[in-house]
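Enquirer: Heads up: the sequence shown is residues 76 to 500, going by UniProt numbering. For glycine and all other residues, C-beta sits at the position ideal for the given N, C-alpha and C. Below is one structure. I have some questions about it.
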Amino acid sequence: PASTTPLARGDLSVGGVPVTEVADRFGTPAYLLDEGEVRARCRAYLRAFPEAEVLYAAKAFLCRAMAHWMDEEGLGLDVCSAGELELAVTTGFPAERIVLHGNAKSPHDLAAALRLGVGRIVIDSASEIARLAAAVPTGSRQKVMVRVVPGIAAGGHVKIRTGTDDQKFGLSLTDGSAQHAIARILGQPALELVGLHCHLGSQITTEKPFLAAVRRLVGLMARVKDQHGVTFPELDLGGGHGIAYRPGEDALDIACLARKVRAELIESCAAAGLTVPRLIVEPGRAIAGPSGVALYRVLAVKRTAHRTFVAVDGGMSDNPRPALYGVRYEPRLVGRSTTAEAAPVTVVGRHCEAGDILATDVPLPGDVRPGDLLAVPVAGAYHLSMASGYNLVGRPPVVAVAEGHARLLVRRESLEDFRSRDVGL
Ligand code: LLP
76 PASTTPLARG DLSVGGVPVT EVADRFGTPA YLLDEGEVRA RCRAYLRAFP EAEVLYAAKA
136 FLCRAMAHWM DEEGLGLDVC SAGELELAVT TGFPAERIVL HGNAKSPHDL AAALRLGVGR
196 IVIDSASEIA RLAAAVPTGS RQKVMVRVVP GIAAGGHVKI RTGTDDQKFG LSLTDGSAQH
256 AIARILGQPA LELVGLHCHL GSQITTEKPF LAAVRRLVGL MARVKDQHGV TFPELDLGGG
316 HGIAYRPGED ALDIACLARK VRAELIESCA AAGLTVPRLI VEPGRAIAGP SGVALYRVLA
376 VKRTAHRTFV AVDGGMSDNP RPALYGVRYE PRLVGRSTTA EAAPVTVVGR HCEAGDILAT
436 DVPLPGDVRP GDLLAVPVAG AYHLSMASGY NLVGRPPVVA VAEGHARLLV RRESLEDFRS
496 RDVGL
């Protein structure tokens, strides 16, 4: 990723700021967010999909600055809770450019969405239809989409595959639940069905499944037109665009994806006699992931008969992804130069369980020692948004780096934060 520039051997700068400076000023562990990289990635999406609506999937990482940058860059937002929604709207993000997702939206989520006036609510289950319709104030209409499960297996790990029937999201095309839900929504005066949605999964590294999804959803649109005489103006293909976590790994080429999806959409619509709907895409990881760097301090080095453990001051509470999905990262020593030869080590966190591993068998200089700084690139997506309070170590701060300056966006979680929520005795 362009966000990390080696300054000299052993040193690293992000957004023009040496990471050692961030560690000294804000402590470790810390997460750096390269504002220029975030913005560049947004612009690359808008260039690749000039006629589409690009929504940033806030679940990848959200803070007020991030919402503000997305607004400035002209993206919309995909949120999946009242929390994400309210954070964005209270930062000034226009609600009409927000889409609410979720397989189990709470009454509070729906009420907040209706009160704040979100642009679209994506219906995920049959039971949600009447519940939402009843919550819409009389006399008004809420724009909705239907989340369709197209029956396509794609995605980097079984836990993040959502295009096949045997998983909790959406309404199946195969068993007819999607068609049934569409008919019911069309009968609800309080709901205006503007299009179909699907999200195949995450960390997808080829275009093929997206093209298959276009064909299946356009097929469904054609059947809806025949049966109900209705054509949808929008088609949302979700996110899931894969990125490289380590040098040499595959990533999805966004410009190429956009070209192929556009061609497929035009062709399928022409064959079905449909007007081409407005395309929507919802990337999260591909915007936030490569824009973030995690910074840790080494606390202990332990050489055992089996391996060398390098233990750092963070771990699975700030990055649960290796434990959950077996993802491989490539931490590197920063802040000092060394001539020591690289040797394989296992980088572990500070949490009270053996599965708290950040990187297995990765090369680090043989003289790695307590006090050293380690940087983990491609740490901007689904780390802090999935962070936990495990062992009360406190969530790390988020520091924006841009044009040689660092500024605090989210402060480190303190014991006082925990104590203030702990109200019983
Ligand atoms: N749209 C919808 C409806 C989604 O459910 C998601 C992700 C996205 C868009 C954005 O997908 P992305 O472009 O970021 O792949 N925690 C997992 C990823 C879970 C993704 C959930 N939904 C991980 O760390 O890999």
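Can you tell me whether cysteine 427 is buried or exposed? The criterion is at least 16 other CB atoms within 10 Å of its CB, across all chains shown.
Expert: Exposed.
Enquirer: Just list the residues that DSSP pairs residue 42 with in beta bridges.
Expert: Only positions 76 to 500 of the chain appear in the structure, and residue 42 is not among them; the question remains open.
Enquirer: Please name the residue in Leu207, Pro225, Val223 whose C-alpha comes closest to that of glutamine 217.
Expert: Here the closest residue by C-alpha is Leu207.
Enquirer: Among Ala201, Arg396, Ile355, which one has its Cα closest to the Cα of lysine 234?
Expert: When only C-alpha atoms are compared, the closest one is Arg396.
Enquirer: Can you name, in chain order, every residue of its own chain whose Cβ lies under 6 Å from the Cβ of phenylalanine 384, other than the five neighbours on each side?
Expert: Closer than 6 Å at Cβ, skipping near neighbours: Lys377, Thr421, Val423.
Enquirer: Residues in the same chain with beta-carbon distance under 6 Å from arginine 195, minus the five sequence neighbours each way, listed in chain order, please.
Expert: Result list for arginine 195: Val174, Lys218, Met220, in chain order.
Enquirer: If leucine 484 sits next to alanine 140, beta carbons under 8 Å apart, how far is it from one beta carbon to the other, in whole angstroms?
Expert: The Cβ separation is near 5 Å, so the contact holds.
Enquirer: Going residue by residue through the stretch 335-366, where are the continuous alpha helix (DSSP H) segments of at least 4 residues, counting only ones entirely within it?
Expert: Complete alpha helix (DSSP H) runs here, min 4: 360-363.
Enquirer: Entirely within the stretch 177-201 and at least 4 residues each: give me those alpha helix (DSSP H) ranges in chain order.
Expert: As far as the stretch 177-201 is concerned, its whole alpha helix (DSSP H) runs of at least 4 residues are 182-191.
Enquirer: Counting only the same chain and skipping the five closest in sequence on each side, list residues whose C-beta sits under 6 Å from that of alanine 330.
Expert: Ala123, listed in sequence order.
Enquirer: Measuring CA to CA, which of His480, Gly401, Arg360 is closest to valine 113?
Expert: The residue with the shortest Cα to Cα distance from valine 113 is Arg360.
Enquirer: Check arginine 382 in the structure and name its three-state DSSP category.
Expert: Three-state result, arginine 382: coil.
Enquirer: Is the beta carbon of histidine 272 closer than 8 Å to that of aspartate 241?
Expert: No, these two residues do not count as a Cβ contact at 8 Å.
Enquirer: Taking DSSP's pairing of strands, which residues face lysine 300 in a bridge?
Expert: According to DSSP, which records beta bridges pairwise, lysine 300 is partnered with nothing at all.
Enquirer: How many angstroms separate the CA atom of glutamate 110 from the CA atom of leucine 150?
Expert: If I take the Cα positions, the gap works out to 15 Å.
Enquirer: Consult DSSP for tyrosine 131 and reduce its assignment to one of helix, strand or coil.
Expert: Of the three classes helix, strand and coil, the one that applies to tyrosine 131 here is strand, per DSSP.
Enquirer: What separation, rounded to the nearest whole angstrom, lies between the Cα atoms of alanine 157 and alanine 417?
Expert: Rounded to whole angstroms, alanine 157 to alanine 417 spans 47 Å at the Cα level.
Enquirer: For glycine 192, is the classification buried or exposed, using 16 other Cβ atoms within 10 angstroms of its Cβ as the cut-off for buried?
Expert: Glycine 192 comes out exposed.
Enquirer: Report yes or no: do three or more beta-carbon pairs, one from the stretch 285-301 and one from the stretch 97-105, lie closer than 8 Å?
Expert: With a cut-off of 8 Å, the stretch 97-105 and the stretch 285-301 do not count as touching, because too few Cβ pairs lie within range.
Enquirer: Count the C-beta pairs between the stretch 429-449 and the stretch 391-408 that are closer than 8 Å, then say yes if the count reaches three, no if not.
Expert: The answer is yes - the stretch 391-408 touches the stretch 429-449, with three or more Cβ pairs under 8 Å.
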